[in-house]
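Trainee: Please see the structure below; I have some questions.
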Amino acid sequence: MAKELFELELLGGATERRYRKQRPEVEEMPWGTIDIDGFDPAVLLAARKAWTGAAFQEHRTGIACALALKALMEARAPLDLVAQATRFPLDELVHVELTSRMAMELGGATEIIHDPDRLVVKPLEGVDPLLRAGDLVVRFFCVGEALSIPMLRGAWKHAEHPLPKAVLGRIVRDEAAHGTFGWTFLDWALPHYSESDLAVLARSADETIERVLHNWEEIRSRPRKTHPQIHALGWMESDDYLELANRSLERNVIRPLLRRGIPIQSKPLAKAGRLYETDAAVGLFASNDPPSP
Ligand SMILES: [Fe+2]
Ligand SMILES: [Fe+2]
Numbered sequence: 286m287a288k289e290l291f292e293l294e295l296l297g298g299a300t301e302r303r304y305r306k307q308r309p310e311v312e313e314m315p316w317g318t319i320d321i322d323g324f325d326p327a328v329l330l331a332a333r334k335a336w337t338g339a340a341f342q343e344h345r346t347g348i349a350c351a352l353a354l355k356a357l358m359e360a361r362a363p364l365d366l367v368a369q370a371t372r373f374p375l376d377e378l379v380h381v382e383l384t385s386r387m388a389m390e391l392g393g394a395t396e397i398i399h400d401p402d403r404l405v406v407k408p409l410e411g412v413d414p415l416l417r418a419g420d421l422v423v424r425f426f427c428v429g430e431a432l433s434i435p436m437l438r439g440a441w442k443h444a445e446h447p448l449p450k451a452v453l454g455r456i457v458r459d460e461a462a463h464g465t466f467g468w469t470f471l472d473w474a475l476p477h478y479s480e481s482d483l484a485v486l487a488r489s490a491d492e493t494i495e496r497v498l499h500n501w502e503e504i505r506s507r508p509r510k511t512h513p514q515i516h517a518l519g520w521m522e523s524d525d526y527l528e529l530a531n532r533s534l535e536r537n538v539i540r541p542l543l544r545r546g547i548p549i550q551s552k553p554l555a556k557a558g559r560l561y562e563t564d565a566a567v568g569l570f571a572s573n574d575p576p577s578p
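For the sequence shown, position 185 (counting from the first letter as 1) is numbered 470 according to my numbering, and the numbering increases by one without interruption.
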């Protein structure tokens, strides 16, 4: 298993200028406006970790989007639908840059060691291309993106300082299209799936939801670190976070899947008999988490 430091660079020159022209919003953020001297060092360190973690998650989501895009093309999904999805990897790259630069503004990124070969689930093998695409779309979009978007919106609403507010606002705007994509795909693809295909898709969703619930349990078990400066840097307190996360799971993931006849078993936390009262304060992207291997 290769363990490598999560680090990225820009090539610069004409290549960077072309990229900046494509996505001018990155340079339009109010960079350089946070006075870090005003913050408790422990809060700053936690915020640097949260934003570095967010950059890593955006990087994983970019890979997930690229993988789903390849599968959609192989499945010969409708051209205009696939065309919508071609924008997503670039959006995620922009989010990687925005979140990394947020960490830099707060004093620098923190260390993340990762295995580049194990960033997202592997596509199903030995199945029809349409089912292979459906599995990835259900995991990455109908669960992953559909769940992370209300959480990002929540973090954006809570952010007090203009810089994290602008960065989160930009991300939330891009993510709106990512959130609806999975459902548009399913509404087109559903008539092509058999009962057993639907059972496979239900398992894909259940597995992904189970991982999300596991992450939340982990968040719930962390020690309380409530601090009055938490909101300034774009955090939500964990009680708010988990309540919103659980509501979003039911409304934006479980119900729409069931409505489309995908026989998932998953339940929101409270209905699954798990508690979700918590003492912990959580980083802003704690569940912006595409399925891990
Ligand atoms: Fe993103
Ligand atoms: Fe996204």
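Idealized CB from N, CA, C, for every residue including glycine.
Just list the alpha helix (DSSP H) runs in the stretch 298 to 323, keeping only unbroken ones of 4 residues or longer that don't cross its boundaries, in chain order.
Mentor: Runs found: 298 to 307.
Trainee: What does the alpha-carbon distance come out to for the pair A557 and I434?
Mentor: Along the sequence shown, read from residue 1 onward, the residue named residue 557 stands at position 272. Along the sequence shown, read from residue 1 onward, the residue named residue 434 stands at position 149. Low confidence applies here, because A557 scores a pLDDT of 47, under 50, leaving its location unreliable and the question unanswered by this model.
Trainee: Return yes when the Cβ of L432 is within less than 8 angstroms of the Cβ of L453, no when it is not.
Mentor: Position 168 of the sequence shown holds residue 453. Position 147 of the sequence shown holds residue 432. Their beta carbons are not under 8 angstroms apart, which means L453 does not touch L432 by this criterion.
Trainee: Taking DSSP as the reference, what is the three-state secondary structure of H399?
Mentor: Translated into the one-based positions of the sequence shown, residue 399 becomes position 114. Looking at H399 - three-state DSSP - the assignment turns out to be strand.
Trainee: Is it buried or exposed, E359, if we count other Cβ atoms within 10 angstroms and call 16 or more buried?
Mentor: To locate residue 359, count along the sequence shown from 1; it is residue 74. E359 should be labelled exposed.
Trainee: Under 8 angstroms by Cβ, that's how I've got P449 and P315 pegged, so tell me the actual separation to the nearest angstrom.
Mentor: As a first step, residue 449 must be located in the sequence shown, where it is residue number 164. As a first step, residue 315 must be located in the sequence shown, where it is residue number 30. Not quite, the Cβ-Cβ distance comes to about 10 angstroms (not below 8 angstroms), so this is no contact.
Trainee: When DSSP builds the beta bridges, which residues end up paired with E289?
Mentor: Here the question's residue 289 lines up with position 4 in the sequence shown. DSSP lists H399 as partners of E289.
Trainee: Please name the residue in R308, G323 and K407 whose C-alpha comes closest to that of E382.
Mentor: Start at 1 with the first residue of the sequence shown, and residue 382 comes out as number 97. Ranking the options by Cα distance to E382, first place goes to R308.
Trainee: Just to check, is the beta-carbon of D420 closer than 7 angstroms to a non-hydrogen atom of ligand 2?
Mentor: Here the question's residue 420 lines up with position 135 in the sequence shown. Not under cutoff, so the answer is no.
Trainee: If you draw a straight line from the alpha carbon of A349 to that of V405, how long is it in whole angstroms?
Mentor: The residue you call residue 349 lines up with position 64 of the sequence shown. The residue you call residue 405 lines up with position 120 of the sequence shown. Answer to the nearest angstrom: the Cα atoms are 6 angstroms apart.
Trainee: Rounded to whole angstroms, what is the Cα-Cα separation between L354 and L330?
Mentor: As a position in the sequence shown, residue 354 is number 69, starting the count at 1. As a position in the sequence shown, residue 330 is number 45, starting the count at 1. So the two alpha carbons sit approximately 36 angstroms from each other.
Trainee: For the alpha helix (DSSP H) holding S479, just list the boundary residues, first then last.
Mentor: Taking the sequence shown and counting its residues from 1, one reaches residue 479 at position 194. Note, S479: premise wrong, no alpha helix (DSSP H); not H, not E.
Trainee: Does any heavy atom of ligand 1 sit closer than 7 angstroms to the C-beta of E460?
Mentor: Locating residue 460 in the sequence shown gives position 175, counting from the first residue. Yes, ligand 1 has a heavy atom inside 7 angstroms of this Cβ.
Trainee: Quick one: grab the DSSP three-state call for A394.
Mentor: Here residue 394 corresponds to residue number 109 of the sequence shown, with the count starting at 1. DSSP places A394 in coil when its eight states are reduced to three.
Trainee: Counting only beta-carbon atoms, is A351 nearer than 8 angstroms to chain D?
Mentor: Checking the listed chains, one finds no chain D in this structure; it contains a single protein chain.
Trainee: Determine the burial state of I494: buried for a count of at least 16 other Cβ atoms within 10 Å of its Cβ, exposed for fewer.
Mentor: Locating residue 494 in the sequence shown gives position 209, where the first residue counts as 1. Buried, since its Cβ has 16 or more Cβ neighbours within 10 Å.
Trainee: With 16 as the cutoff for other CB atoms within 10 Å, does W473 come out buried or exposed?
Mentor: For the purposes of this step, residue 473 is identified with residue 188 of the sequence shown, where counting begins at 1. W473 is exposed by the Cβ-count criterion.
Trainee: DSSP three-state call for A557: helix, strand or coil?
Mentor: As a working mapping, residue 557 is identified with position 272 in the sequence shown. Reliability fails at A557, whose pLDDT of 47 lies under 50, so the model's placement of it is uncertain and the value that follows must be treated cautiously. DSSP places A557 in coil when its eight states are reduced to three.
Trainee: In the structure shown, what three-state DSSP assignment does D376 receive?
Mentor: The residue you call residue 376 lines up with position 91 of the sequence shown. Looking at D376 - three-state DSSP - the assignment turns out to be helix.
Trainee: Pairs of beta-carbons, one from the stretch 412 to 420 and one from the stretch 460 to 479, closer than 8 angstroms: are there three or more?
Mentor: Judged by Cβ distances under 8 angstroms, the stretch 412 to 420 makes contact with the stretch 460 to 479, as three or more pairs qualify.
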